[in-house]
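Asks:
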Amino acid sequence: MKKYLAVGRRKSAVAQVHIFLEPKTGGFFINKKPILDYFQNDQIQLMIENLNLNLSPKNPEIRCQISGGGITGQKQALCLALARGIYQIDPKFLPKIPGILTQDSRIKERRKYGLKKARKAPQYSKR
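Those letters in the sequence shown? Residues 2 to 128, by our numbering.
1. Please name the residue, chosen from 38, 67 and 45, that lies closest to residue 19 on a Cα-to-Cα basis.
2. Give me the Cα-Cα distance between residue 127 and residue 121, rounded to the nearest whole angstrom.
3. What's the C-alpha gap between residue 84 and residue 70?
4. Rounded to whole angstroms, what's the CA-CA distance from residue 89 to residue 73? Just pull it up for me.
5. Applying the criterion that 16 or more other CB atoms from any shown protein chain within 10 Å of the CB defines a buried residue, is residue 14 buried or exposed?
6. Using the Cα positions of residue 27 and residue 62, report the straight-line distance between them to the nearest angstrom.
Given below as structure tokens:
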């Protein structure tokens with residue numbers, strides 16, 4: 002059985018994708034739930050359109066483990082992991098979208114002592 006593993010990260014969300022080309026059942030599962038139970042319909046449509054998922058002739062089984070972050074961060078981490086997994090199978094499947102395989106490395110900046118937030122300082126009083 003041919004199996005591909007890819008990892009995608011965004012903010013504090015991490016997505017691991019396992020793609021099986023010779024499926025037992027087929028389907029798309031996230032944290033052992035069907036994809037329609039995990040994400041809303043509009044989010045799924047955006048993800049499928051962005052990646053141009055046309056692997057239907059091979060009918061792969063896709064299993065994902067997602068942890069951390071919020072819904073948007075998880076969705077973006079999953080998109081990156083899927084793109085990397087599809088690229089491992091065959092680079093011709095992916096559309097020519099610039100940056101589709103690039104990780105967005107921006108994360109929340111830590112709070113510093115003496116400040117109210119990461120960069121927000123308390124109000125300055127001259128007298």
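All residues carry an ideal CB built from backbone N, CA and C; glycine is no exception.
Replies: For this structure:
1. For the purposes of this step, residue 19 is taken as residue 18 along the sequence shown, with counting starting at 1. Measuring from the Cα of residue 19, the nearest candidate turns out to be 67.
2. The residue you call residue 127 lines up with position 126 of the sequence shown. The residue you call residue 121 lines up with position 120 of the sequence shown. Whole-angstrom Cα-Cα distance: 18 Å.
3. On the sequence shown, position 83 is the one that residue 84 refers to. On the sequence shown, position 69 is the one that residue 70 refers to. If you take the alpha carbons of residue 84 and residue 70, they lie about 20 Å apart.
4. Numbered from its first residue, the sequence shown carries residue 89 at position 88. Numbered from its first residue, the sequence shown carries residue 73 at position 72. Taking the straight line joining both Cα atoms gives about 25 Å.
5. In the sequence shown, counting from the first residue as 1, residue 14 sits at position 13. Counting the other Cβ atoms within 10 Å of the Cβ of residue 14 gives 16 or more, which makes it buried.
6. Sequence index remark: in the sequence shown, residue 27 carries index 26 (1-based). Sequence index remark: in the sequence shown, residue 62 carries index 61 (1-based). About 4 Å.
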